[in-house]
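In this note's numbering, the protein residues as written are 287 to 664.
Below you can see the structure in the form of structure tokens.
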């Protein structure tokens, strides 16, 4: 691909920043446009499995993440009522060698801060919410809500499940509410008042589940995320405050070990769990999508961020090695390389079966998006 192509990345999330960092290293002129006024430490925890860490290692940020997040000793699945261990995946030096990288839990805001250092200074434009795209000869004009206009040769939509770029490319359609919401809380470990928990545990119930893990190397911050049924989501907001009493009531019938953790929560938020019908066309003309913008993943496999990071690595490889001025061949290679793997992750996430019992994990954790063969369309 011609390095003179100007690339605009819409969205400074995990996929957008990863893609921008790789493309800048390949010599492209890349600007990232982010609607938020600045980065802040809000949000939730995130699990970075070995397939993600191998990608981030190549951006030179693995060490910083290891110093910030925690390497859990295991991923443990337990029964909601008896507390019985249903499955335990040991995470140690042997597993890191087998998978090719570590498994880390970290605060999403801390990950964001570290990842932003991999992008060239001055190339993230905050306060730029996309309003529209216009064709200008061989270029694309980005029109922003703040009145700014910028031209690019390639536009990458990494703007999440409510992607404006996707709406323009594929037609406007709201995300599909799945009939479930996520209740989540973050609090200092000292609120457990001596009650001990494992580094990373998922509690499985009949119609709900709860994930609990430490987010820092010091084990001084706990993250809880519970998924429960809900009839509807009426608000236009992406998340809302949730009464603490409602969160506690959602898991009042669970085992005492996890009830004590839930009762330690103070501030709780709730957000709708949404997805979209599978759509395997992720590009058109000089526009391409990645991450939740093209294939939202339900959060039951902790793989949504992983898929965005993998997308970014593969898309940047395709743009760097395939085609000339026209990116169509590179986009087709990207889609052909990614669609089947992402589709399988979406399927398993919908089932909510990942690591409930003995699970074959090598196909997921051993994957390296920076080395995996690129699939050329026939």
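C-beta: ideal position from N, C-alpha, C; glycine also. In this text, all values refer to a predicted model and were calculated from it rather than measured experimentally.
By the Cβ rule, the segment 568-578 counts as touching the segment 605-617, because three or more pairs are nearer than 8 Å. With a threshold of 16 other beta carbon atoms within 10 Å, residue 328 falls short and is exposed. Apart from sequence neighbours up to five positions away, the residues of its chain that approach residue 652 with a beta-carbon distance below 8 Å are 336, 337, 384, 385, 386, ordered along the chain. Annotation: residue 632 is outside any beta strand (DSSP E); the continuous alpha helix (DSSP H) that includes it extends over 614-637. With a 10 Å radius around the Cβ and a threshold of 16 neighbouring Cβ atoms, residue 560 comes out buried. Between residue 475 and residue 503, the gap from beta carbon to beta carbon reaches 8 Å or more. In this structure residue 600 touches residue 655 by the C-beta definition: roughly 5 Å separates them, less than 8 Å. In this structure, 587 is the residue among 587, 598, 644, 657 with its C-alpha nearest to the C-alpha of residue 632. Residue state for residue 561 is assigned as strand, using DSSP reduced to three classes.
Comparing C-alpha distances from residue 628 to each of 445, 436, 490, 579 shows the shortest one belongs to 579. Here residue 367 carries a coil assignment [DSSP, helix/strand/coil]. In the DSSP assignment, the residues bridged to residue 490 are 365, 495. Here residue 659 is exposed: its Cβ has fewer than 16 other Cβ atoms, across all protein chains shown, within 10 Å.
If you draw a straight line from the Cα of residue 455 to the Cα of residue 568, it is about 9 Å long. In the assembly as shown, residue 396 is a buried residue. Its beta-carbon has 16 or more other beta-carbons within 10 Å. In this structure, 446 is the residue among 381, 446, 649 with its C-alpha nearest to the C-alpha of residue 298.
In chain order, 534, 537 place their CB closer than 6 Å to the CB of residue 548, counting only its own chain and leaving out the 5 sequence neighbours on each side. Residue state for residue 454 is assigned as helix, using DSSP reduced to three classes. Contact between residue 482 and residue 498 fails: their C-beta atoms lie close to 12 Å from each other, not under 8 Å. Note that the C-beta distance between residue 399 and residue 511 is not below 8 Å. Per DSSP, the beta bridge partners of residue 393 are 331. In the structure shown, residue 313 falls within a coil segment according to DSSP collapsed to helix, strand and coil.
Under DSSP, residue 350 takes part in no beta bridge, so it has no partner.
Excluding five sequence positions before and after residue 471, the CB atoms of its chain that fall closer than 6 Å to its own CB belong to 510, 551, 554, given in chain order. Secondary structure note for residue 470: it is in no alpha helix (DSSP H), and the uninterrupted beta strand (DSSP E) holding it is 462-474. Contact between the segment 406-416 and the segment 309-321 is present, with at least three C-beta pairs closer than 8 Å.
Taken through DSSP and simplified to helix, strand or coil, residue 438 comes out as strand.
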